[in-house]
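Visitor: Quick one: this structure, given as structure tokens, is what I'll be asking you about.
Residue numbers (UniProt numbering): 1 to 142.
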């Protein structure tokens with residue numbers, strides 16, 4: 001699917017960054033929930049997931065927990081719109097394994113680099129970076 005951009009509230013960015021900081025030195029991972037409308041992903045929620053590998057170099061979302069979360073999300077009329085994860089030792093550029101996972105799942109990857117830079121990528125014929133638009137950013141100012 002060709003995605004032009006992602007809309008995400010600032011408080012969800014804060015939750016993702018908090019999860020990534022809290023789980024260091026392990027790679028954090030989770031799913032992004034919301035809706036896709038035309039060529040826009042609207043993220044409404046980030047749900048932290050268990051990294052079954054417990055590794056600082058790669059992640060695997062626990063499939064049993066993912067299934068239960070998916071059933072709940074589906075019953076609410078929402079969808080899994082993507083995956084987020086952290087790179088503890090590297091930038092937010094996707095690894096070869098990240099690209100393979102995007103090809104297999106078709107899901108967008110929201111990657112938090114070692115410096116907490118966040119970038120989003122999708123694989124649709126080739127790897128593409130997706131623009132991130134923050135919603136309600138004024139509300140998050142002190």
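Glycine included, C-beta positions come from ideal geometry on N, C-alpha and C. These numbers were taken from a predicted model, which means no experiment stands behind them.
On the DSSP bridge list, what partners appear for residue 7?
Guide: As a first step, residue 7 is located in the chain shown; it is residue number 7 there, counting from the start. Bridge partners of residue 7: 42 and 133.
Visitor: Can you tell me whether residue 84 is helix, strand or coil according to DSSP?
Guide: Position 84 of the chain shown holds residue 84. In the structure shown, residue 84 sits in a strand (DSSP, three-state: E or B).
Visitor: Which of the three DSSP states, helix, strand or coil, is assigned to residue 64?
Guide: In the chain shown, the residue the question calls residue 64 occupies position 64. The answer is helix: DSSP assigns residue 64 an H, G or I state.
Visitor: If the criterion is Cβ atoms closer than 9 Å, does the pair residue 53 and residue 59 meet it?
Guide: As a first step, residue 53 is located in the chain shown; it is residue number 53 there, counting from the start. As a first step, residue 59 is located in the chain shown; it is residue number 59 there, counting from the start. In this structure, residue 59 lies closer than 9 Å to residue 53 by Cβ.
Visitor: Can residue 72 and residue 32 be called in contact, C-beta distance under 9 Å?
Guide: Taking the chain shown and counting its residues from 1, the one referred to as residue 72 is at position 72. Taking the chain shown and counting its residues from 1, the one referred to as residue 32 is at position 32. No, Cβ-Cβ distance for residue 72 and residue 32 is not below 9 Å.
Visitor: Nearest-angstrom Cα distance between residue 2 and residue 124?
Guide: As a first step, residue 2 is located in the chain shown; it is residue number 2 there, counting from the start. As a first step, residue 124 is located in the chain shown; it is residue number 124 there, counting from the start. Taking the straight line joining both Cα atoms gives about 6 Å.
Visitor: Ends of the beta strand (DSSP E) at residue 111?
Guide: Position 111 of the chain shown, counting from 1, holds the residue named residue 111. It spans 108-112 - the beta strand (DSSP E) in which residue 111 sits, taken as one unbroken run.
Visitor: For residue 122 and residue 107, what's the separation of their Cα atoms in angstroms?
Guide: Looking up residue 122 in the chain shown gives position 122. Looking up residue 107 in the chain shown gives position 107. Distance between the alpha carbons of residue 122 and residue 107 is about 7 Å.
Visitor: Smallest Cα separation from residue 44: which of 24, 63, 16 and 56?
Guide: Reading the chain shown from its first residue, position 44 is the one you call residue 44. When each option's Cα is compared against that of residue 44, the closest is 16.
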